[in-house]
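According to my numbering, the sequence shown holds residues 5 to 348 in order. C-beta atoms are modelled at their ideal positions from N, C-alpha and C, and glycine is treated no differently. To start, the structure under review is shown below, and the notes come after it.
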Amino acid sequence: MPDKPVRMAVIGLGMASAPHAMSLVELQAEGRVEVAGCWSRSKARREAFAHRHRLPVTDDLDALLADPALDAALLLTPPDARLELVERLAASGRHILMEKPLERTSQAAARIAASCEQAGITAAVTFQHRFRESAERLRGLLAEGALGELAAVQLLVPWWRPQAYYDEPGRGTLARDGGGVLISQAIHSIDLMLSLAGQVVEVAAVAGTTSLHRMDSEDFVGAGLRFANGALGSLSATTACFPGGPERLVLSGTRGTAMLEGGSLTVDFMDGKRLEVGQMMAGGGGADPMAFPHDWHKAVLRDFLDAVQGRGVPRVDPREALHAHRLIDALLRSSREGRCVQVG
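What follows is the structure in structure tokens.
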């Protein structure tokens, strides 16, 4: 018998909802999911969402969550509205796929991870960069030892956001978002770096707000990194680099160097061979944060649905997502204290 579609609620209909909605429409047509309803406290957002997507909307969150046939929820709320909803859903046995970051602080993020584990539900976090074809291929090469011993890592996130982006209420604030470029934008690339290169154990960082933005959190961070496996690295992340460009992750080993840039992978081996996979594409690094395809989000949703239906576990669960949160904490602490600090 085919699997019964997973009945899912969507909570939060802000900017991040678009790629998820496009993915859900296609997955619903494939019989993988059934969207029970999509909720936002904002009437204007509900109406705009209903106009753009062929999915049901509701203004009654309590009724949506009281649906006895509801299996799971997709949480797209800002971080400051996340913890209470996660605990409510987990207590009722509903599975949860949530947007990044988990919460504003590592402590609250750890509480979310613990709530999901204690409830025994399936929980996952949307880190779609792991699901790009180029990243998948590089992961395989690293598993095969094709690059040899990892020696150096470079991460560059040269993005741009105009001041109008930060003029939106809550954007880039500690109260709603928990920070700036690290937790809101670069966290995707940070998670990908950690998943490929391993954990960082020590950092020395400088972080601050440039004259290009008025905001109460950082729009620029530069850092040196020391990895648990002995590799050394650097990180530079900003939303003050007009007009914005693709993020770049470079891994250099004893047998060659691999560069992920946007959706492309280039590997130059020391024996003279070269491998090219994928192609350059928009990644939301410019003035339009949503200028990227929805395929990666669809892959995240497929992975989550497979786990809910008993076919494996999610690629990125809340406990895994905590690694990125703790590295971000260490980077900001290092800048505040003006010294090298240990991660975690």
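What is the rounded straight-line gap between the Cα of M5 and the Cα of E38? Bear in mind that a pLDDT of 46 at M5, under 50, signals an unreliable position, so the number given afterwards is only what the model happens to contain. If you take the alpha carbons of M5 and E38, they lie about 17 Å apart.
Residues of its chain near M263, where Cβ-Cβ distance is below 6 Å and the 5 sequence neighbours each way are ignored: V254, T270
Whole alpha helix (DSSP H) elements within the region 264-327, 4-residue minimum: Those alpha helix (DSSP H) runs which fall completely within the region 264-327 and span 4+ residues are 299-312.
Suppose the cutoff is 8 Å on Cβ atoms and the five residues either side in sequence are ignored; what does the same chain contact list for A113 look like? P105, L106, E107, P322, A325, L326, H329
Classify I125 as buried or exposed, calling it buried when 16 or more other Cβ atoms lie within 10 Å of its own Cβ. Of the residues assessed, I125 falls on the buried side of the cut-off, its CB having 16 or more other CB atoms within 10 angstroms.
Report yes or no: do the region 162-176 and the region 194-207 share at least 3 C-beta pairs separated by less than 8 Å? no
CB-CB under 7 Å to V312, same chain, minus the five flanking residues each way: which ones, in chain order? Closer than 7 Å at Cβ, skipping near neighbours: V10, D75, A76, H99, T126.
Suppose you measure from the CA of R36 to the CA of M26; what does that come to, to the nearest Å? 14 Å
Starting from the N-terminal side, write out each stretch of the alpha helix (DSSP H) that is 4 residues or longer and does not extend beyond the region 198-244. Runs of the alpha helix (DSSP H) spanning 4 or more residues and lying entirely within the region 198-244 do not occur at all.
Helix, strand or coil: how does DSSP classify A76 here? strand
What residues in its chain sit with their C-beta under 6 Å from that of G18, if we drop five residues either side in the sequence? none
Have a look at V14, V185, L151 and flag the residue whose alpha-carbon is nearest the alpha-carbon of L336. V185
In the DSSP assignment, what residue or residues form a beta bridge with S256? DSSP lists A156, T261 as partners of S256.
Alpha carbons only, please: which of R230, L87, V29 is nearest the one belonging to L1? Past the edges of the chain, shown from 5 to 348, lies residue 1, and the structure says nothing about it.
Confirm, please, whether the CB-CB distance from S339 to M222 is below 9 Å. Correcting the residue identity first, residue 222 is Glu in this sequence and not Met. Yes, the Cβ-Cβ distance between E222 and S339 is below 9 Å.
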